[in-house]
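Everything on this sheet refers to the single structure shown next.
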């Protein structure tokens, strides 16, 4: 059996951690430090952040270090990662200028430049100073994510890395897995047909102490030793079930043979002839057909007479045409709608055609020619119904509208927001302390709802700042003397707050964010 191939396993304590780091690197001005013990999964997590990058809006480069790296090595790695193939880049000054120009060019075309450095604790102090200078180039500065061992933070504090960046550092620690998470991680590594008993499972967990690399090596050793049993070795179906399946199959086969075999005495089909007398014609249908024939003949005769009349009208002189127009005008007034017979639809169509033919017969006798053109007779006036007198509507009683007062609602909302906002208290804190940031959001309502939902809302401090030229609302918790004390306090928080991954930041940086708002 071989190890099951899993690119990335996300445990409960690291839920959505890759998305969080990607968001921090993409949008935050803070430099992100991902620290953990050897084999804690730092490189794998950085690979996940790299896979979440978008080629349309981001230009991401990654540098993997495995030995001591000075300024020259860092500049050469950056030039190679950015693809700056220029034979004139012979010294560090030219390389540094080329890197600055490339980062500036990416900013001008709205591409976010992000630099990922794995095992950054291999960088020398001079190389870290060069990196700080690159981060202090203003709005075009790149976003940086670095990984390292747990003691890398103390080294950065000793060389003044935190002071140079004014506390703009986000620290993310990778803690060992607990027993439940270790069991789930081991189960994801085992093949589908492997079965691990409780004794072997407990042995691997105790040796690894929650380290991902140690857990993986323990599973590999078990697979190589052959101590794991395979589920496919034993037959999956018990013998009693097999006997029952055989009996059912035998019964189905016997029924099919008995049902589809031909019988010994074939039956002969008897064909009987039945004479059906012809149906007598229905008198009603004959009468209807006769009426239709008579109506069609009459319609044909009248259509022929109408065509002859129209031909005579076309051949008549102009004076006769005026007389015809007069007759047509009189006929239009005297024409009545033809009655419709619903009992026999074909006869109804004949009656309508008959009415049209009768109109044509009214036009038929043309007026005799006269020496002078006959004046057209005046059209009879058409009586129009008298227009009804307009009825003036009775005016409805006027009801005065009174708007409900809205001042109390506004005052309640203002008091709620003002009670949650505690910027003045934070400005009174000492600058050398630390606090825990638990939430940052664009919506002020979500921040207020978050504070109300806590058991002790008075221990949460909320202030406003500006991030990316837009309002930003931040919630912090607690006041601590050192960063280590703040990180130890994270373990004492309730599980709901620990799931938000709170991180320690200096009170000086909090005051700097509050002062960004226009006074």
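Residue numbers (the UniProt record's numbering): 1 to 519.
Every residue gets a Cβ at the ideal spot worked out from N, C-alpha and C, and that includes glycine.
None of the values given here were measured: they were computed from a predicted structure.
In the DSSP assignment, residue 120 falls outside any alpha helix (DSSP H), carrying neither H nor E. At a Cβ-Cβ threshold of 8 Å, residue 116 and residue 46 count as neighbours. Residue state for residue 469 is assigned as coil, using DSSP reduced to three classes.
In this structure, the beta-carbon distance from residue 92 to residue 72 falls below 8 Å.
The beta-carbon distance between residue 201 and residue 37, rounded to whole angstroms, is 22 Å. This is too long to meet the 8 Å contact definition. Residues 179, 182, 183, 186, 215 of the same chain have their beta carbon placed closer than 8 Å to that of residue 205, with the five preceding and five following residues left out of the count. Residue 458 counts as exposed, since fewer than 16 other C-beta atoms from the protein chains shown sit within 10 angstroms of its C-beta. Judged by pairs of C-beta atoms under 8 Å, the stretch 237-255 does not touch the stretch 76-85, as fewer than three such pairs exist. Assignment of residue 144 by DSSP, reduced to helix, strand and coil, places it in the strand class. Shortest Cα-Cα distance from residue 19 to any of 510, 501, 505 involves 501.
Straight across, the Cα-Cα distance linking residue 62 with residue 43 is about 11 Å.
Of the candidates 173, 139, 447, 74, 139 places its Cα closest to the Cα of residue 103. Annotation: residue 261 is outside any beta strand (DSSP E) and is labelled neither H nor E by DSSP. DSSP places residue 157 in no beta strand (DSSP E) but in the uninterrupted alpha helix (DSSP H) bounded by 152-158. Under the 10 Å beta carbon count, residue 55 is surrounded by fewer than 16 other beta carbons and is classified as exposed. DSSP places residue 450 within a helical segment (H, G or I) once states are collapsed to three. Taken in chain order, the unbroken stretches of alpha helix (DSSP H) that lie wholly in the stretch 67-112 and span 4 residues or more are 71-82, 92-108.
Residue 254 carries a helical assignment under DSSP once its states are collapsed to helix, strand and coil. Taken through DSSP and simplified to helix, strand or coil, residue 58 comes out as strand.
According to the DSSP assignment, residue 506 belongs to the beta strand (DSSP E) that extends over 503-506. Distance between residue 175 and residue 40, taken at the CA atoms: about 8 Å.
Of the residues 468, 474, 429, the one whose Cα lies closest to the Cα of residue 448 is 474. The Cβ neighbour count for residue 66, taken over all protein chains shown within 10 Å, is under 16; the residue is labelled exposed.
Its chain contains 166, 167, 168 as the residues whose beta carbon lies nearer than 8 Å to that of residue 509, once the 5 sequence neighbours on both sides are disregarded; these appear in chain order. Rounded to the nearest angstrom, the gap between the Cα atoms of residue 32 and residue 153 is 12 Å.
A straight-line Cα-Cα distance of about 57 Å links residue 199 and residue 85. DSSP places residue 136 in the coil class of the three-state scheme, outside both helix and strand. When the beta-carbon positions are compared, residue 477 and residue 460 come within less than 8 Å of each other. Taking the C-beta atoms as reference points, residue 189 is found no nearer than 8 Å to residue 127. Going by beta carbons, residue 503 and residue 455 fall outside the 8 Å limit.
With 16 or more other CB atoms across the displayed protein chains lying within 10 angstroms of its CB, residue 95 is buried. Contact between residue 472 and residue 452 is ruled out by a C-beta separation of about 20 Å, above the 8 Å threshold.
Under the three-state reduction of DSSP, residue 237 is assigned to coil, being neither helix nor strand.
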